[in-house]
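Mapped onto the working numbering, the consecutive letters of the sequence shown carry residue numbers 3 to 453. Beta carbons are placed, not taken as given, at the ideal position from N, Cα and C, and that holds for glycine. All of these numbers come straight from a predicted model, not from anything done at the bench. In what follows, a structure is listed as structure tokens, so that the remarks can point back to it.
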Amino acid sequence: MFSASTKEAIKAALAIVISICVALWFQWEKPYWAAIAVAVMALNESFAHSINKGHNRLMGTLLGTGYAFFLIAMFSQDRFLFLMFFTLFLGTCIFMSSDEKYGYVFSIGFAVCSIISCMGGFDNQITFYFAVLRIQETLLGVITFSIVYRLIWPVNTEQNFVQRFETSRETLIAAMSDTDNLDIEALESNTANIEKLYQLLDLPLTGSYHLKENIHAWRLRINEMAHIQDRLLELASDELSQTLDWAALTEKMEKLELMAPNSSLIDDVPFVMTEKKNVSWHHEHRTFVQHLNEDGRKVLQGVSMFVTSLLVWIYLPVPGGFIFPMIAGIFSSMLPTMPPSVIKDAFFGVIGTGTVILLQYIFIMPMMTELWQLALFYFINSIVIWKVFATPKLMVHRILGINLLVVLTSGALNLTPVYQIQTPLLMLTTLLIILMIGKLFTDLFRVKSIA
Numbered sequence: 003m004f005s006a007s008t009k010e011a012i013k014a015a016l017a018i019v020i021s022i023c024v025a026l027w028f029q030w031e032k033p034y035w036a037a038i039a040v041a042v043m044a045l046n047e048s049f050a051h052s053i054n055k056g057h058n059r060l061m062g063t064l065l066g067t068g069y070a071f072f073l074i075a076m077f078s079q080d081r082f083l084f085l086m087f088f089t090l091f092l093g094t095c096i097f098m099s100s101d102e103k104y105g106y107v108f109s110i111g112f113a114v115c116s117i118i119s120c121m122g123g124f125d126n127q128i129t130f131y132f133a134v135l136r137i138q139e140t141l142l143g144v145i146t147f148s149i150v151y152r153l154i155w156p157v158n159t160e161q162n163f164v165q166r167f168e169t170s171r172e173t174l175i176a177a178m179s180d181t182d183n184l185d186i187e188a189l190e191s192n193t194a195n196i197e198k199l200y201q202l203l204d205l206p207l208t209g210s211y212h213l214k215e216n217i218h219a220w221r222l223r224i225n226e227m228a229h230i231q232d233r234l235l236e237l238a239s240d241e242l243s244q245t246l247d248w249a250a251l252t253e254k255m256e257k258l259e260l261m262a263p264n265s266s267l268i269d270d271v272p273f274v275m276t277e278k279k280n281v282s283w284h285h286e287h288r289t290f291v292q293h294l295n296e297d298g299r300k301v302l303q304g305v306s307m308f309v310t311s312l313l314v315w316i317y318l319p320v321p322g323g324f325i326f327p328m329i330a331g332i333f334s335s336m337l338p339t340m341p342p343s344v345i346k347d348a349f350f351g352v353i354g355t356g357t358v359i360l361l362q363y364i365f366i367m368p369m370m371t372e373l374w375q376l377a378l379f380y381f382i383n384s385i386v387i388w389k390v391f392a393t394p395k396l397m398v399h400r401i402l403g404i405n406l407l408v409v410l411t412s413g414a415l416n417l418t419p420v421y422q423i424q425t426p427l428l429m430l431t432t433l434l435i436i437l438m439i440g441k442l443f444t445d446l447f448r449v450k451s452i453a
């Protein structure tokens, strides 16, 4: 009845709306925190990826909350030490954000620390209140997402894995059946697909009973598939030194049964398994020097951007109180870890999507008097954002659109709704200024490729 993308849009919109409504029912402030948690989890390609992201988001929330308590308790009377330790935490989080397993914990950790430290206003009680509220909202978002995605059109990790495996198998069989006319683009795409298969096997497999039962056999089959992929890439680049029995490999690949993946794909076929690898299928543990060389520039970029934003906030009459340094801190931790093109996309996204949402906030939302009207508003807008920005290249617009949707209209989500145009306009202006500062330092620290 519905396409896969439409189903995903409906599930995401429903989870966002339910999280907002439940937060309002509990009479919690900042219901949009729960909605953002749902949106971030919904962006992942599988339920297991999403649950893993939710777990890391919760851990990052606890990390950021703990460090915010440390800053307020120790340095609330000394702004220099407060900002110094705050900036040190920023550098540490940017440095650790590239970690494959725990990187997101540090990324969200600094964002939460920035929000709680700034919104608390150096008051212990207010800081504690917002810290507890942030944890509650994050938990609500994770639970709501889990229930909705489990009950409505559920897609477990096993289905995703089998679909990807079949795609890779078909690609390899087609290549081995006609080795004289190899499709280089298809093989390169298959490299990324095999890497995804490795990642799926490392995720929680709750509910994927067959996959969990045969996990060891599947690891062996994917590893063998990776070696076949390497030999095909060598053949395509005329680097293959030994002739392989492609017909035997094709036959073994075709006969592999998904329900019992115990038959080797390369057994008795010589020269397939070699020490040489064209692709690093497993990320090796980096030394500290390698880590420093790869991420040192990102740390300098983020710290420079944040310090510059602080100087702008201190010495220029920037309105909005804590909003400017709070958003500056969040963007300073996120932008250095992203491709430079994200800033341009975010800039036009803020102007375009932000304007559309602001017009609805001005002309439509003040007429709403019931909760169901508010829920319908967010449901329709979430589906539109999810469908319009459906391609991988537009994912930044999708998450930015959901954030702008719930943040710019946050006045309507108060326990007593308040409609003021000043706050959304201030938020948009602040975002554009910080993006311009980010653009400056992104260009300054960009690594130029030498042709």
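Practice problem: Note down, one range per segment and in chain order, each alpha helix (DSSP H) of at least 4 residues found wholly within the segment 141-206. | Solution: Along the segment 141-206, the alpha helix (DSSP H) occurs as fully enclosed runs of 4 or more residues at 159-179, 186-203, listed in sequence order.
Quiz prompt | Residues near A25 in its chain [Cβ-Cβ closer than 7 Å; skip 5 each side] | solution = Hits under 7 Å: P33, A36, E139, L142.
Quiz prompt | Three-state secondary structure assigned by DSSP to V320 | solution = In the structure shown, V320 sits in coil (DSSP, three-state: anything other than H, G, I, E or B).
Quiz item: For K55, which residues from the same chain have a beta carbon less than 7 Å from its beta carbon, with the 5 sequence-adjacent residues on both sides left out?
Solution: The residues are V42, M43, N46, Y106.
Practice problem: Using only alpha-carbon positions, find the residue among M178, I224, D182, S191 that is nearest to Y200. | Solution: Between Y200 and the set M178, I224, D182, S191, the nearest pair of CA atoms involves I224.
Self-check item: G413 beta carbon less than 7 Å from that of Q422
Solution: The beta carbons of Q422 and G413 sit closer together than 7 Å.
Practice problem: Use the C-beta contact count for F4: other C-beta atoms within 10 angstroms, 16 or more gives buried, fewer gives exposed. | Solution: By the 16-neighbour rule on beta-carbons within 10 angstroms, F4 is exposed.
Practice problem: Would you tell me roughly how many angstroms separate the C-alpha atoms of I18 and W220, rounded to the nearest one? | Solution: About 35 Å.
Practice problem: Return the chain-ordered ranges of every alpha helix (DSSP H) run that is complete within the segment 347-423 and spans a minimum of 4 residues. | Solution: Fully enclosed alpha helix (DSSP H) runs of 4 or longer: 373-390, 397-410.
Quiz item: Leaving out the 5 sequence neighbours to the left and right, which residues in its chain are closer than 7 Å to S210 when beta-carbon positions are compared?
Solution: Excluding residues within five positions, the ones whose Cβ falls inside 7 Å are N158, T159, E160.
Quiz prompt | Contacts around D297, its chain only, beta-carbon distance under 6 Å, and the 5 residues preceding and following it disregarded | solution = F97, S100.
Quiz item: Mind checking S191: buried by the 16 CB within 10 Å criterion, or exposed?
Solution: S191 should be labelled exposed.
Quiz item: Thinking C-alpha only, which one of A70, T146, T63, F147 is nearest G122?
Solution: Sorting A70, T146, T63, F147 by C-alpha distance to the C-alpha of G122 places A70 at the top.
Quiz item: Hey, would you say D347 sits closer than 7 Å to V398, going by beta carbons?
Solution: Contact annotation: D347 and V398 have beta-carbon atoms nearer than 7 Å.
Quiz item: What is the DSSP secondary structure of W30, counted as helix, strand or coil?
Solution: DSSP places W30 in coil when its eight states are reduced to three.
Quiz item: When DSSP labels each residue in this structure, what does E253 get in the three-state scheme?
Solution: Three-state result, E253: helix.
Practice problem: Counting only the same chain and skipping the five closest in sequence on each side, list residues whose C-beta sits under 6 Å from that of K254. | Solution: Correct list, in chain order: L267.
Self-check item: I436 versus I175: straight-line alpha-carbon distance, rounded
Solution: Looking at the two C-alpha atoms, the distance is approximately 50 Å.
Quiz item: Is the number of C-beta pairs between the segment 336-352 and the segment 299-318 that are closer than 8 Å three or more?
Solution: As far as the Cβ criterion goes, the segment 336-352 touches the segment 299-318, which means the pair count is three or higher.
Quiz item: Would you say L16 and V150 are within 7 Å of each other, going by their C-beta atoms?
Solution: With contacts defined by Cβ atoms closer than 7 Å, L16 and V150 form a contacting pair.
Practice problem: Assess, as a yes-or-no matter, whether the segment 341-359 is touched by the segment 313-323 under the definition of 3 or more beta carbon pairs within less than 8 Å. | Solution: The segment 313-323 makes no contact with the segment 341-359, as fewer than three CB pairs between them are under 8 Å.
Exercise. Express the C-alpha separation of S179 and T411 in angstroms, rounding to a whole number.
Key: Spanning the two alpha carbons is a distance of roughly 57 Å.
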